[in-house]
Every structure is written in C-alpha cells, then in structure tokens.
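Heads up: the sequence shown begins at 1 in full-length UniProt numbering, then just goes up one per residue.
All C-beta atoms, glycine included, are put in the ideal place defined by N, C-alpha and C.
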Amino acid sequence: SAQKGFMSCEGCYEHNFLLQTVIQAARRSSRQCAIAWLDPINAFGSIPHHHIFATLGEFGMPETFIQILRVLCKDCTTTICATDGETDAIPIRCGVKQGCPLSPIIFNLAMEPLIRAISSGTSGFDLHSKRISVLAYTDALALVADSSENLQGMLVVASRATEWMGLHFNPKKWASLH
1 SAQKGFMSCE GCYEHNFLLQ TVIQAARRSS RQCAIAWLDP INAFGSIPHH
51 HIFATLGEFG MPETFIQILR VLCKDCTTTI CATDGETDAI PIRCGVKQGC
101 PLSPIIFNLA MEPLIRAISS GTSGFDLHSK RISVLAYTDA LALVADSSEN
151 LQGMLVVASR ATEWMGLHFN PKKWASLH
C-alpha cells in the first residue's frame with residue numbers, strides 16, 4: 001500500500017527505506033531518479049465533507065454508514081474564545097474531527113483518490129520489477145519518478161487532484177531531489 005499513515009506498522013521507516021533503496025539503485029545503475037516531497041496545508045481540516053462522502057461511496061461503504069457520518073457532520077459549528085468574548089458560531093464544512101477514532105480511517109480513504117490519480121500514470125521508478133510512484137506518510141507525499149520530466153507530469157496530476165479535493169500544497173514544505 002502506498003499509504004502508511006495510521007497503519008499498525010512501521011510505515012515511515014518502510015517508506016524511508018524504500019526511498020533509500022530507490023536512490024541507491026539509481027546510483028548503482030546510473031539511472032535517473034527524481035523525487036518530490038509534498039505536504040498539504042492543513043490536510044486533516046481541509047478536505048470538504050462532500051468529497052469525503054463521495055469518496056466513501058465510491059469505495060463501497062454502505063449508504064447507512066455514510067448517512068450516519070452526514071448526520072454527525074451536519075450543522076457542526078465551533079466558536080473561538082478570546083479575552084474580549086466568544087465569536088459567533090462558525091460552521092464546519094470540511095475536515096475530519098480531531099480525536100475521533102474514525103478520523104484516521106476516513107482521512108486515509110479521502111486521500112486515496114489523490115494517491116490513485118498520481119500513481120495511475122506510467123510515471124514512477126522501476127525497482128526490482130515493481131513500479132514505485134507515490135509514498136504516502138499520512139498527509140505528506142513523496143512522488144518518485146525516473147526523470148524530472150516524468151516527475152513534473154506527476155506534480156501536475158497531483159496539483160489538479162488536490163485542487164479538486166479542496167487541498168493546497170504548502171510551498172514552504174516542498175522539497176525535491178534529482
């Protein structure tokens with residue numbers, strides 16, 4: 001699985017080991033390798049509820065379950081307490097609830113269309129007859145390609161998919177290696 005966030009395994013270590021192995025394989029065989037690390041801004045709080053519900057439906061979640069989530073999210077508000085008083089109710093129309101035991105699972109499922117969109121193309125890096133293209137560390141992503149041109153194509157796909165999802169990448173947390 002490309003997603004290692006919230007899994008009962010040492011997912012970050014696995015992904016880091018895989019990245020190290022990709023880089024070493026590229027060096028040994030004199031092949032190109034291009035990697036980009038992306039981090040969405042406030043990913044947990046930014047995915048619109050309508051996207052979450054649609055994604056759960058696409059993955060075959062029972063409609064009853066989705067309706068229960070709709071009820072739990074309906075008319076949710078928050079207020080901000082400051083020294084000069086409390087704000088009016090602020091509607092919550094996106095994100096997963098902090099502290100809810102379902103939130104990690106729902107978040108991973110909501111991120112899956114982004115992961116699939118990026119990995120659906122032909123870009124990636126072939127390692128021992130397996131194509132490596134996206135490594136997901138919960139909300140942060142590492143995109144792996146066999147050239148900077150292919151990585152650029154993956155970045156375009158990622159940008160379009162996140163725009164559709166209502167997410168935006170944080171340019172201060174971007175990094176790339178070629």
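Candidates 81, 79, 126, 100: which alpha carbon is nearest residue 69's?
For residue 69, the nearest C-alpha among the options comes from 100.
Buried or exposed, going by whether 16 or more other CB atoms sit within 10 Å of the CB of residue 175?
Counting Cβ neighbours within 10 Å, residue 175 comes out exposed, since fewer than 16 surround it.
Taking the beta strand (DSSP E) that residue 148 belongs to, which residues open and close that run?
That residue, residue 148, is in no beta strand (DSSP E); its alpha helix (DSSP H) goes 148 to 165.
Beta-carbon separation of residue 155 and residue 38 under 9 Å?
Yes, they are a contact pair.
Going by beta carbon distance, what residues of the same chain come within less than 7 Å of residue 97, once the five residues before and after it are set aside?
Hits under 7 Å: 103.
Where in the stretch 39 to 94 do unbroken runs of the alpha helix (DSSP H), each at least 4 residues long, occur, reported from the N-terminal end onward?
The qualifying runs are 43 to 46, 49 to 58, 63 to 73.
Based on the DSSP output, what are the partners of residue 134 in its beta bridges?
Partner(s): 143.
Measuring straight from C-alpha to C-alpha, what distance separates residue 48 and residue 59?
Going by the C-alpha atoms only, they are around 17 Å apart.
Buried or exposed, going by whether 16 or more other CB atoms sit within 10 Å of the CB of residue 135?
Per the 10 Å Cβ criterion, buried.
Tell me whether residue 62, by its Cβ, gets closer than 8 Å to a heavy atom of the ligand PLP.
Because no ligand of any kind appears in the structure shown, any question about the ligand PLP cannot be addressed here.
Residues in the same chain with beta-carbon distance under 7 Å from residue 78, minus the five sequence neighbours each way, listed in chain order, please.
Here the set comprises 90, 92.
What residues match up with residue 176 in a beta bridge as DSSP calls it?
DSSP lists 36 as partners of residue 176.
Could you tell me the distance, in whole angstroms, from the CA atom of residue 158 to the CA atom of residue 86?
The straight-line gap from Cα to Cα measures roughly 39 Å.
In its own chain, which residues sit with a C-beta less than 7 Å from the C-beta of residue 31, not counting the 5 before and 5 after it?
Only 146 meet the Cβ criterion.
Residue 34: which of 24, 160, 67 sits nearest, CA to CA?
The candidate whose alpha carbon is nearest that of residue 34 is 24.
On the DSSP letters alone, give me the boundaries of the alpha helix (DSSP H) that residue 107 sits inside.
First-last of the alpha helix (DSSP H) with residue 107: 103 to 119.
Please list, in chain order, all residues of the same chain as residue 95 whose beta carbon is under 7 Å from its beta carbon, the five residues on each side excluded.
If we look at residue 95 and ignore the five residues flanking it on each side, its Cβ neighbours are 44, 45, 46, 47.
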